[in-house]
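In what follows, a structure is listed as structure tokens, so that the remarks can point back to it.
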Amino acid sequence: MTEEMGLSWVAAQCDDLENLPVEELDCLAERGPVEAMLRVAERSVTALPHPAAVRLGQDVRCLLESSLPDATIRTVWLGATDHVFDPAKDGISARTWLRKMEQAWLKAEHRNDPAFVSITAAPKTDDRLRRDVLQAIGRVSGDLTGTVVNRIYPLPLPGLVPALEQVTVRACADLGYRLVLCALKANYVAVDTETLDMFVALGNRFDHPRALVTEGLNHRA
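In the working numbering, the protein residues as written are 134 to 354.
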């Protein structure tokens, strides 16, 4: 069982589309990626432990309430999902897509529990945490950028590392941390043991289990 949560769990669903439930695959084929991702957001309410599902609403709210440009949010999302889903291809902005996701998630929460009260954003804004997440991003920035640029079938994504840094600083350190992990996994970036230990130690400070880091990560001993 995955230890992922919130928006990074939604991103992780893009890793193996063939493993999506049949109804979501049908939705993807018939109605496109926007509607399919909204179905994924709805599924989070029943697929995840409640705190992990609630984190989706908090993650989305953190991004919506931030001063991040739409282009930054889109870049981070494309990096975290290996370009599997790009809202711009369906003609909507990143923020419009996030609002749709929030509505779909909230509708599912109310369906599951009519008394559910909408939550507020809970960004991690501690300066030391931000600084340490930025240090971790810096440690993998060269390999992450090189992998994206030099892959066999390159998909240009300029500004991925700066975008991850901006999410960390201007939205939420925890979300920035989880999305850089998603980007490492989606792009199959190899990390050494020292880097792995750094991410695990940082995850401990966010109260994340080790499996959130190690599951799906390309670790080279």
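Glycine is no exception: its CB is placed at the ideal position from the N, C-alpha and C atoms.
Along the chain, where does the alpha helix (DSSP H) containing Asp215 start, and where does it finish? Where Asp215 is concerned, there is no enclosing alpha helix (DSSP H), given that its DSSP letter is neither H nor E.
With respect to the alpha helix (DSSP H) encompassing Asn245, which residues constitute its N-terminal and C-terminal limits? In the DSSP annotation of this structure, the continuous segment of the alpha helix (DSSP H) that includes Asn245 starts and ends at Ala227 to Asn245.
By the 10 Å Cβ neighbour count, where 16 or more other Cβ atoms means buried, how is Ala227 classified, buried or exposed? Only buried fits Ala227, as 16 or more other CB atoms lie within 10 angstroms of its CB.
Excluding sequence positions up to five away, which residues of its chain have a Cβ less than 7 Å from the Cβ of Val302? Here the set comprises Arg263.
Just verifying my parser: in three-state terms, what is the DSSP assignment at Val250? Looking at Val250 - three-state DSSP - the assignment turns out to be coil, as it is neither helix nor strand.
To which residues of the same chain is Asp325 closer than 7 Å at the C-beta, ignoring the five residues directly before and after it? Within the same chain, Asp325 has close Cβ partners Arg353.
Quick check: the Cα distance between Val193 and Arg343, rounded to an integer number of angstroms? Spanning the two alpha carbons is a distance of roughly 24 Å.
Applying the 10 Å Cβ sphere with the 16-neighbour rule, what's the burial state of Arg164? Arg164 is exposed by the Cβ-count criterion.
Alpha carbon to alpha carbon, what distance is there between Leu277 and Pro295? Distance between the alpha carbons of Pro295 and Leu277: 12 Å.
For Gly292, which residues of its own chain have a beta-carbon under 7 Å away from its beta-carbon, when the five flanking residues on both sides are left out? If we look at Gly292 and ignore the five residues flanking it on each side, its Cβ neighbours are Thr208.
Would Tyr321 pass as a contact of Ala269 if the rule is Cβ separation under 9 Å? No.
So which of Leu314, Leu140, Pro166 and Val187 has the shortest CA-CA distance to Lys222? Residue nearest to Lys222 within the set Leu314, Leu140, Pro166 and Val187 is Pro166 (criterion: CA-CA distance).
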